[in-house]
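**Student:** Counting with our numbering, you get residues 11 to 203 for the letters of the sequence shown.
Pasting in a structure now, in structure tokens, and then I'll have a few things to ask.
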Amino acid sequence: MTLSERWQALAARFDALKPREQLLVVLAAVLVLLVAWDGFWHGPLSQRNRQMAESNARLAQQVSTLQATITSLEARAARDPNRQVRARLERLRAEEQRLDRRLSGLRLALIPPSEMSGLLRSVLAREPGLELVSLESLPSEVALRDEPEASDEAGEALTGEQAPEPEPLVFRHPVELRFRGSFREALAYVRRL
């Protein structure tokens, strides 16, 4: 029996049913089709859509968390923890350069120790009432020492024998000058110096 013959036999049997039975057969066929459609097509597709929606929600949450983390890290990177230290260091370097320039200017105004005796003699020679008795250069003395902040590896301050010796910064070169003359002439000489 061919497919067309089977179809005709089913149609003849359907036509032989009462209208109420025909309605029940059509409803049963539609119900079978709906159950088959839901079981094989709509149900799995609906479940897959639900799973994808849940997955999308999880991924969106992860993206949101990662974005918040990135924003936090960018903000932390923008806030340089050493910014204040660097600014202070720059200010201190500028101050050091300013003081170095000032010190260089002061050094130019100072007379070297080797020329001091000659200068004192020449100034004294301009004073008619004063007579040079003796001029002696004394040993130099430390006038100012650098006091470094000494600390060990742990940052603890070193004391006593552990601390390094402070370095001399400024020396004094004393000169002993003896001369004869009146007080008024000696005072005028000292003022010229």
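Each residue gets a CB set at the ideal place from its N, CA and C atoms; glycine is no exception.
What does DSSP give as the partner residues of E187 in its beta bridges?
**Tutor:** Correcting the residue type first, residue 187 is Leu in the shown sequence and not Glu. L145, per the DSSP bridge assignment.
**Student:** Which residues share a DSSP beta bridge with F181?
**Tutor:** Beta-bridge pairing links F181 to V152.
**Student:** Are the CB atoms of L142 and L134 within a distance shorter than 8 Å?
**Tutor:** Yes.
**Student:** When the Cα atoms are used, what is the spatial distance from A78 to E84?
**Tutor:** When rounded, the distance between both Cα atoms is 10 Å.
**Student:** Note down, one range per segment and in chain order, each alpha helix (DSSP H) of at least 4 residues found wholly within the segment 83-138.
**Tutor:** Runs found: 93-119 and 123-135.
**Student:** Let me check understanding here. Comparing Cα to Cα, which of A22, N59 and R131 lies closest to S144?
**Tutor:** Nearest C-alpha to S144: R131.
**Student:** Between the beta-carbon of E186 and the beta-carbon of E146, is there less than 8 Å?
**Tutor:** Against a cut-off of 8 Å, the Cβ pair of E146 and E186 comes out as a contact.
**Student:** Go to S14, then tell me how far its alpha helix (DSSP H) extends in each direction, as first and last residue.
**Tutor:** Counting along the chain, the alpha helix (DSSP H) containing S14 begins and ends at L13 to A26.
**Student:** Quick one: Cα of E105 to Cα of R111, how far?
**Tutor:** Using only the alpha carbons, I get a separation of about 10 Å.
**Student:** Nearest by alpha-carbon distance to A198: which of E137, E177, L154 and E151 is it?
**Tutor:** Taking only the C-alpha atoms, the option nearest A198 is E137.
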